[in-house]
Amino acid sequence: MAQDKALAGKQVAILMTDGVEQVEYTGPRGFLEQHGAQVTLVSPKGQGEEIQGFDHLDHGAKFKVERDVRDARPGDFDALVLPGGVANPDQLRLSTEAITFIREFARENKPIAAICHGPWTLIDADVVKGKRVTSWPTLRTDLTNAGAQWSDEQVVVDGKLVTSRKPDDIPAFNAAILEQLTPA
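Letter by letter, the sequence shown follows residues 0 to 183 of numbering that gives the first Met the number 0.
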C-alpha cells in the first residue's frame, strides 16, 4: 500500500508499559505512521528503558520508551492511544502521572483511543461516566460501574473517545482513529 500523508503534522502519543499486547501497539502505530503521523511511545518508565510486549501469554518483542510520561504534555500531541494487554493498563492505573496524562487529554477534548483492556485506565482517569464504550468483555462490569454504557461492538465512538474490543478489531479501531484526526 502506498504511503498516505493524511496525518502529516499530527503528533500521537501511545501510553503503555510492560505487559502490553504488542499487536495493539504495533498495529495502530504502523497504521498511523503509514498515514504520516509522528508517533511517540510514552511510559511511566524512563526514556530509553524497554517495555516488554506480549503475544497473549507469551513474551513478545521489547520496545524502547521514547518519552517519560513525567516529561510529556497533552498539548504536545493531537491524540492518545491506549493499547491493552492485561498487565499494561493494570500497571498504568498505579501511575499517578499516567492517569493525570489521560485525564488532561480528556479535559482538552482531544481524541483518546483505547482497545481491549486499555479502557481500564479510563475509569481511573474519570472519563467514562456517561460515555458509550466497548472493551474486552471482562471489563464490562468495571466500566458499567464507572457510569459507562457498555456495548459489544468492534468499535464505539462517543465524541472524542474511541474504544475497541480486541486485536481482531484493529482495522476498525485504526479507521476510527483516522476519522478523529481527519474530520470532514
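C-beta: ideal position from N, C-alpha, C; glycine also.
Looking only at C-alpha atoms, which of E96, P166, K130 sits nearest to I114?
-> Here the question's residue 114 lines up with position 115 in the sequence shown. Nearest of E96, P166, K130 to I114, Cα basis: P166.
So is G47 buried or exposed if we call it buried at 16+ other beta carbons inside 10 Å?
-> Along the sequence shown, one-based indexing puts residue 47 at 48. Exposed, because fewer than 16 other Cβ atoms sit within 10 Å of the Cβ of G47.
Since W149 sits in a beta bridge, which residues does DSSP pair it with?
-> Indexing the sequence shown from 1 puts residue 149 at position 150. V132.
Collapsed DSSP secondary structure at F76 in the structure displayed = Within the sequence shown, numbered from 1, the residue matching residue 76 stands at position 77. Coil at F76, not helix or strand.
Would you report the Cα separation of Q179 and R69, rounded to the nearest angstrom?
-> Taking the sequence shown and counting its residues from 1, one reaches residue 179 at position 180. Taking the sequence shown and counting its residues from 1, one reaches residue 69 at position 70. If you take the alpha carbons of Q179 and R69, they lie about 26 Å apart.
Nearest-angstrom Cα separation, counted from K44 out to G14 = As a first step, residue 14 must be located in the sequence shown, where it is residue number 15. As a first step, residue 44 must be located in the sequence shown, where it is residue number 45. Per the sequence shown, residue 14 should be read as Leu rather than Gly. Going by the C-alpha atoms only, they are around 10 Å apart.
Use the C-beta contact count for L31: other C-beta atoms within 10 angstroms, 16 or more gives buried, fewer gives exposed.
-> Sequence index remark: in the sequence shown, residue 31 carries index 32 (1-based). Looking at its Cβ environment, which holds 16 or more other Cβ atoms inside 10 Å, L31 is buried.
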